[in-house]
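Read top to bottom, the protein sequences are chains A and C. At position 535 of the first sequence the residue is numbered 523 (the working numbering), and the sequence of numbers has no breaks. At position 455 of the second sequence the residue is numbered 443 (the working numbering), and the sequence of numbers has no breaks. Cβ coordinates follow ideal geometry from the N, Cα and C atoms, glycine included.
There are 2 protein chains.
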Amino acid sequence: MRASRFFISTLKEAPSDAEIISHKLMMRAGMIKRLGSGIYTYMPMGLRIIRKVENIIREEMNRAGAVELLMPVVQPAELWQETGRWDKMGPELMRVKDRHGRDYAIQPTSEEVITDVVRTEVKSYRQLPINFYHIQTKFRDERRPRFGLMRGREFTMKDAYSFDRDAAGMQQSYQIMYDAYVRIFDRFGLQFRAVAADNGAIGGSGSHEFHVIADTGEDALVYCPDSDYAANIEAAEAVAPSAPRAAAAQALTKTPTPGKAKCEDVAKLLGLPLSQTVKSIVLAVDREDADAEVWLLMLRGDHDLNEVKASKIPGLGAYRFATEAEIVEHFGTRPGYLGPIGTKKPVKVVADRTVAAMSDFVCGANEEDFHYIGANWGRDLPEPVVADLRNVVAGDASPDGKGVLAIQRGIEVGHVFQLGTRYSEDMKATYLDESGKPQLMQMGCYGIGVTRILGAAIEQNFDDKGIIWPTAIAPFEVVLCPMGYDRSEAVKAETDKLYAALQASGVDVILDDRGERPGVMFADWELIGVPHRVVIGERGLKEGKLEYQGRRDPAATAVAVADMADFVKARIAA
Amino acid sequence: MRASRFFISTLKEAPSDAEIISHKLMMRAGMIKRLGSGIYTYMPMGLRIIRKVENIIREEMNRAGAVELLMPVVQPAELWQETGRWDKMGPELMRVKDRHGRDYAIQPTSEEVITDVVRTEVKSYRQLPINFYHIQTKFRDERRPRFGLMRGREFTMKDAYSFDRDAAGMQQSYQIMYDAYVRIFDRFGLQFRAVAADNGAIGGSGSHEFHVIADTGEDALVYCPDSDYAANIEAAEAVAPSAPRAAAAQALTKTPTPGKAKCEDVAKLLGLPLSQTVKSIVLAVDREDADAEVWLLMLRGDHDLNEVKASKIPGLGAYRFATEAEIVEHFGTRPGYLGPIGTKKPVKVVADRTVAAMSDFVCGANEEDFHYIGANWGRDLPEPVVADLRNVVAGDASPDGKGVLAIQRGIEVGHVFQLGTRYSEDMKATYLDESGKPQLMQMGCYGIGVTRILGAAIEQNFDDKGIIWPTAIAPFEVVLCPMGYDRSEAVKAETDKLYAALQASGVDVILDDRGERPGVMFADWELIGVPHRVVIGERGLKEGKLEYQGRRDPAATAVAVADMADFVKARIAA
């Protein structure tokens, strides 16, 4: 490609609504252009990256035996009503009426449509398993679209759906997709991690998220450096302390803690470690024809509640945080001084595994400006119901017993999910088994956020000059920067020769023939993030040399003119 | 591709809602699947064809210097309001509100968005010309979606938009696109014709439609076999008869024609050629604060009104057909016996060029059951206003004076259009010229109906067995049909060898390893329309032969095993 036949548009400053680095850099590099809230035009430079991402996904999906089709963007409401998602999905599902007043959804995913295709196309066990995918425009009417392509409303997603005869088959299809995802993210050239994820309300036996590692990631990824264990923090188990609970050593004593409503402040006042304190979190579960049921969850002062884990405690499935009125009614005091001892009305107490192993702990005394010290289970209050309630922290024991956990930040870009019969039941997607009996199909679904990959890749790979693309998904693999293409015959001749040689070898090369000054040219391509650059100048040519510089290289390398094509190819292949 | 890893689903009968052959065959061949009215899932077999069509378009657009980007499906109403199309487009424009009640259009085309991109990105004459295109999902809420992909609601379109400094530049960009379209349709391997089209309300200096030739086409294409002249029938000029009007020979005579309200019946009754009769078409133009103005258009009995030409007559821009009440009021009688002589109230008369050259003609007498014979201009009624009002017919003189016209049917699949400043004016899309003055950009737009190509290609290429794809856009170039792939070692070995050899040569080959009976296999691939087939059987192998058959060949050709790969490649290249 010659730059003069392409469209390059860079900005010195990012627009003020760009909050994060990937959004800023994509806007500055002219890769996307905002059309409306969460809606972007993919400019030529951005579209090239999207196409490369799509092609890698397509190749690996095909290799894994998935078959590509294309489902419509505008989908009849009837199918969404069959699964109940028309009502459940709320305003995120963009709805539209046609000229006859019929309802349609603009697809955010396509479980309903693919299940409809398969239930009519697949009759027999002989046609299973089958895995269909498409790469298509999606729309989610996010409440607060932001971060450019990271949380847009219109985006491109690859979604695949497997259909199997039974759960064992589904698990096999799932594993094939998992392996394909590993190959896909490997080929992108991104650092990533697959983590076990929570299955949410769907249940089922398995779900993994694929995250691009980035310090700016929204998600906390838990992993064990000494083993294969890895999970989203929502799903990571905090194992019970291995040491038994120490015997009580202190007497229960009510202590004044005036104005100290937080564990940190109480610990400081009392000169105790934060890990000796216990915090009280009050939840409520609404009941028909009765007041809400009030629950008290107890966590160590330095730990955080894991809301997903809380929702899995029997009876807490539909919890909410208690109101101040409910708290005062049950505890006789306001938040900040709550505890399990001497509540005004009975509450259901659940202690985190760590808390259950504590002795001589500090907790609120249910009286304003007072805490207890020296509280002990079985003596001052009954032995509690125990559950895993907290987020793990770095240094916790790994659930597989093979070391301690570490935490890093990630950006979710893929998700594989064992759906079981969640959709096939509602939509009566059955096949006839060997004995001619109808059986529900077992489904899996597998998504990759194509456009999100761009944002995530940048969050992982940038410096103060701009983006640093991995070669596999760079808009161009190499840029040729001639110094005076229109002025110097020698420069033009050598540039054209190298350009032709690289093109002939299948290298995706752009020749910057715009006639810009070197400073502008270099700044543009560093901002855009092309990973390999060759400078062709008269001075170098006099010595028979061209200058190569990798985007991460601290300095340029002089390479003999005749060797440059091979040198570049070797660097691309590296 | 192995058939066992693909998805093949054929039907013996087309669903009853499929009216035309291309729709029936695409449904039967498992290429598309109906999701809703005018909304189809592109099944794997259909998607392969779409991708091949897209790739040819993409290559030729890029070669012509157009730059690909991707504009959103969901577009803010504000831009559509700037050009007035939000109001003008009516219910065909699918509209949707987001969670905040803001209005959006689901794009039917993207003039507004691209003009918005360019007016902010392009500042200087140095950046022009530029031509952007995208291949994207479109939606038009057709009143009566039908014919499968031919008139769907959701479809895929390639739309390109050129921006130039001035009209001369626009015409140059237009010619580049015209030439690219010729290459694209040539590469598809379809018989096509580019015809001059009417510019509609936009005006401007040029517009051509690209039609795939098919007897079942909706459009009539006019061309001169002896010259380059070609036009849509809407735009084809009917030149005035070259012979001067003959002198009046008959007296004007009112003749009873009881119950004969049609020219055909009157001519028969009177024993005159139909070409001696004149029909009267009554139009009305509404006026503010006054009754509608009534016009009488006169055409020869065997000619048809061209409504586009009528709308271009000064004063008739917004005509409608007159009501029966208006007709009775002005002519004193009901339709069937109307004429220009002795109307009850004055009407504006326009005669078609052919009619203006007639003498001794027959027309209605403005009295029920009576016509005049022997009517003559300048004697029985004033010389008329003359205009080209009719559709041309085969045998008419070509407007370029180089022969006579022929007519064939076509399916419109592409349109190139000189827009001028239609959009840049409304949206203030200006650039700074050499002297720093803002100037309006001159635009062109260029569409190809990607999914429509499939329907059109089939309407042109089918037989009683199914579809016959041109090789360039066939879902597969060649199918290998082994007789007993799983039973015969020899068959399997030779099939695998040929499969590998063809794949290594870049041939898009499918190996039918489904284990179907030969009859089923052949019927499927003839229906699907793969253009080249090789049968590998034990009987042939004993003589060292395989069987090749082109989809249009009346019989198979025996080819030596070792020669088959080259033979197939030669046939594909032919």
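Any Cβ of chain C within less than 7 Å of the Cβ of serine 112/A?
If you number the first sequence from 1, residue 112/A lands on position 124. Chain C has no Cβ within less than 7 Å of the Cβ of serine 112/A.
Compute the distance between the beta-carbons of threonine 243/A and isoleucine 361/A, then report whether it is under 7 Å.
To locate residue 243/A, count along the first sequence from 1; it is residue 255. To locate residue 361/A, count along the first sequence from 1; it is residue 373. Yes, the pair counts as a contact, with Cβ atoms nearer than the cut-off.
Could you tell me whether the Cβ atoms of leucine 442/A and isoleucine 37/A are closer together than 7 Å?
In the first sequence, the residue the question calls residue 442/A occupies position 454. In the first sequence, the residue the question calls residue 37/A occupies position 49. The answer is yes: Cβ separation under 7 Å.
Would serine 423/C be called buried (16 or more neighbouring beta carbons within 10 Å of its own) or exposed?
The residue you call residue 423/C lines up with position 435 of the second sequence. Serine 423/C should be labelled exposed.
Distance cutoff 7 Å, beta carbons only. Does glutamate 142/A sit that close to anything in chain C?
Reading the first sequence from its first residue, position 154 is the one you call residue 142/A. Yes, its Cβ sits closer than 7 Å to a Cβ of chain C.
Quick one: Cα of glycine 191/A to Cα of serine 25/A, how far?
Translated into the one-based positions of the first sequence, residue 191/A becomes position 203. Translated into the one-based positions of the first sequence, residue 25/A becomes position 37. With a pLDDT of 48 at glycine 191/A, under the threshold of 50, the predicted position of this residue should be treated as unreliable, though the coordinate-derived value follows. Each residue's Cα considered, the two are about 34 Å apart.
Any beta carbon of chain A sitting closer than 7 Å to that of phenylalanine 135/C?
Residue 135/C sits at position 147 when you count from the first residue of the second sequence. Not one chain A Cβ lies under 7 Å of phenylalanine 135/C.
In chain order, what are the residue ranges of uninterrupted beta strand (DSSP E) at least 3 long that sit wholly in the region 93 to 135 of chain A?
118 to 127
Reduced DSSP category for aspartate 541/A - H, G, I as helix; E, B as strand; rest coil
Your numbering for residue 541/A matches position 553 in the first sequence. Residue state, collapsed to three classes: coil.
So if DSSP puts lysine 333/A in a beta bridge, which residue, or which two residues, is it bridged to?
Within the first sequence, numbered from 1, the residue matching residue 333/A stands at position 345. According to DSSP, which records beta bridges pairwise, lysine 333/A is partnered with nothing at all.
Residue range of the beta strand (DSSP E) that includes tyrosine 166/A
In the first sequence, counting from the first residue as 1, residue 166/A sits at position 178. Taken as a continuous stretch (DSSP letters only), tyrosine 166/A belongs to no beta strand (DSSP E), being part of the alpha helix (DSSP H) at 155 to 176.
Cβ-based neighbour list, valine 373/C, same chain, cut-off 6 Å, excluding 5 preceding and 5 following:
Here the question's residue 373/C lines up with position 385 in the second sequence. Closer than 6 Å at the Cβ level, and outside the excluded window around valine 373/C, lie Val338.
Contact defined as beta carbons within less than 8 Å: I believe valine 547/A pairs with lysine 533/A. What is the distance between those atoms, to the nearest angstrom?
Taking the first sequence and counting its residues from 1, one reaches residue 547/A at position 559. Taking the first sequence and counting its residues from 1, one reaches residue 533/A at position 545. Rounded, the Cβ-Cβ distance is 7 Å, consistent with contact.
Is the beta carbon of lysine 297/C closer than 7 Å to that of leucine 209/C?
The sequence position of residue 209/C within the second sequence is 221, counting from 1. The sequence position of residue 297/C within the second sequence is 309, counting from 1. Contact flag unset, no.
Buried or exposed by the 16-neighbour rule on C-beta atoms within 10 Å, applied to aspartate 5/C
Against the second sequence, residue 5/C aligns to sequence position 17. Burial call: exposed.
Can you check which of these residues, Val282/A, Ile329/A, Leu57/A, is closest to glycine 366/A by C-alpha distance?
The count along the first sequence starts at 1 and reaches residue 366/A at position 378. Out of Val282/A, Ile329/A, Leu57/A, the CA that lies nearest to the CA of glycine 366/A is found in Ile329/A.
Close-in-space but distant-in-sequence residues of the same chain around isoleucine 461/A (CB under 6 Å, 5 per side omitted):
Taking the first sequence and counting its residues from 1, one reaches residue 461/A at position 473. Excluding residues within five positions, the ones whose Cβ falls inside 6 Å are Ile37, Lys40, Val41, Phe176.
To which residues does DSSP link tryptophan 283/A through a beta bridge?
Residue 283/A sits at position 295 when you count from the first residue of the first sequence. Beta-bridge pairing links tryptophan 283/A to Leu271/A, Lys336/A.
Would you check if the region 248 to 268 of chain A and the region 295 to 309 of chain A touch, i.e. whether three or more CB-CB distances between them fall below 8 Å?
no
For valine 84/C, decide whether its Cβ has a neighbour in chain A, counting only Cβ atoms nearer than 7 Å.
The residue you call residue 84/C lines up with position 96 of the second sequence. Valine 84/C counts as touching chain A.
is_contact[valine 61/C, chain A] using C-beta, thresh 7 Å
Locating residue 61/C in the second sequence gives position 73, counting from the first residue. True, the Cβ-Cβ gap to chain A drops below 7 Å.
So, does the CB of isoleucine 27/A fall closer than 7 Å to a CB anywhere in chain C?
Translated into positions along the first sequence, residue 27/A becomes position 39. Chain C contact via Cβ: present.
Could you pull out every residue in the same chain whose Cβ sits closer than 8 Å to the Cβ of cysteine 469/A, ignoring the five residues on either side in sequence?
Sequence index remark: in the first sequence, residue 469/A carries index 481 (1-based). Counting only Cβ-Cβ distances below 8 Å, and skipping sequence neighbours, we find Asp500, Pro506, Met509, Phe510, Trp513, Arg521, Val522, Val523, Ile524.
With DSSP collapsed to three states, give me the class of glycine 435/C.
As a working note, residue 435/C is residue 447 in the second sequence. Correct three-state label for glycine 435/C: strand.
How about isoleucine 45/C and isoleucine 172/C: do their beta carbons lie closer than 7 Å?
Here residue 45/C is taken as the residue at index 57 of the second sequence, counted from 1. Here residue 172/C is taken as the residue at index 184 of the second sequence, counted from 1. The answer is yes: Cβ separation under 7 Å.
Glutamine 491/A burial status per 10 Å Cβ neighbour count (16 or more: buried):
Position 503 of the first sequence, counted from the first residue, corresponds to residue 491/A. Exposed: under 16 other Cβ atoms inside 10 Å.
Glutamate 130/A and arginine 114/A closer than 7 Å at C-beta:
Reading the first sequence from its first residue, position 142 is the one you call residue 130/A. Reading the first sequence from its first residue, position 126 is the one you call residue 114/A. Against a cut-off of 7 Å, the Cβ pair of arginine 114/A and glutamate 130/A comes out as no contact.
Answer with yes or no whether the minimum CB distance from threonine 125/C to chain A is below 7 Å.
Within the second sequence, numbered from 1, the residue matching residue 125/C stands at position 137. Judged by the 7 Å Cβ criterion, threonine 125/C is in contact with chain A.
Sort Asp368/C, His122/C, Glu314/C by Cα distance to alanine 346/C and report the nearest one.
Locating residue 346/C in the second sequence gives position 358, counting from the first residue. It is methionine, not alanine, that sits at residue 346/C in the sequence shown. Looking at the Cα atoms, Asp368/C is the closest of the given residues.
Nearest candidate by alpha-carbon position, reference glutamate 447/A, set Glu465/A, Met14/A, Arg(-10)/A, Val61/A
Locating residue 447/A in the first sequence gives position 459, counting from the first residue. Of all alpha-carbon atoms in Glu465/A, Met14/A, Arg(-10)/A, Val61/A, the one lying nearest the alpha-carbon of glutamate 447/A is that of Met14/A.
Got a sec: which bits of the region -5 to 20 of chain C sit with their beta carbon under 9 Å from any beta carbon on chain A, in order along the chain?
Phe(-5), Ser(-3), Gly18
Given a threshold of 16 other Cβ atoms within 10 Å of its Cβ, counted over all protein chains shown, does glycine 383/A qualify as buried or as exposed?
Reading the first sequence from its first residue, position 395 is the one you call residue 383/A. By the 10 Å Cβ count, glycine 383/A comes out exposed.
With a threshold of 7 Å between beta-carbons, can tyrosine 30/A be considered close to chain C, or not?
For the purposes of this step, residue 30/A is taken as residue 42 along the first sequence, with counting starting at 1. With respect to chain C, the C-beta atom of tyrosine 30/A has a partner C-beta closer than 7 Å.
Cβ neighbour criterion (16 or more within 10 Å) applied to proline 79/A:
Numbered from its first residue, the first sequence carries residue 79/A at position 91. Exposed: under 16 other Cβ atoms inside 10 Å.
Comparing alpha-carbon positions, which option in Lys256/A, Thr311/A, Asp167/A lies nearest methionine 49/A?
Within the first sequence, residue 49/A is the residue found at index 61, counting from 1. Comparing Cα-Cα distances from methionine 49/A to each of Lys256/A, Thr311/A, Asp167/A, the minimum goes to Asp167/A.
Using a Cβ-Cβ cut-off of less than 9 Å, give me the residues of the region 492 to 503 of chain C that come near chain A, in sequence order.
none
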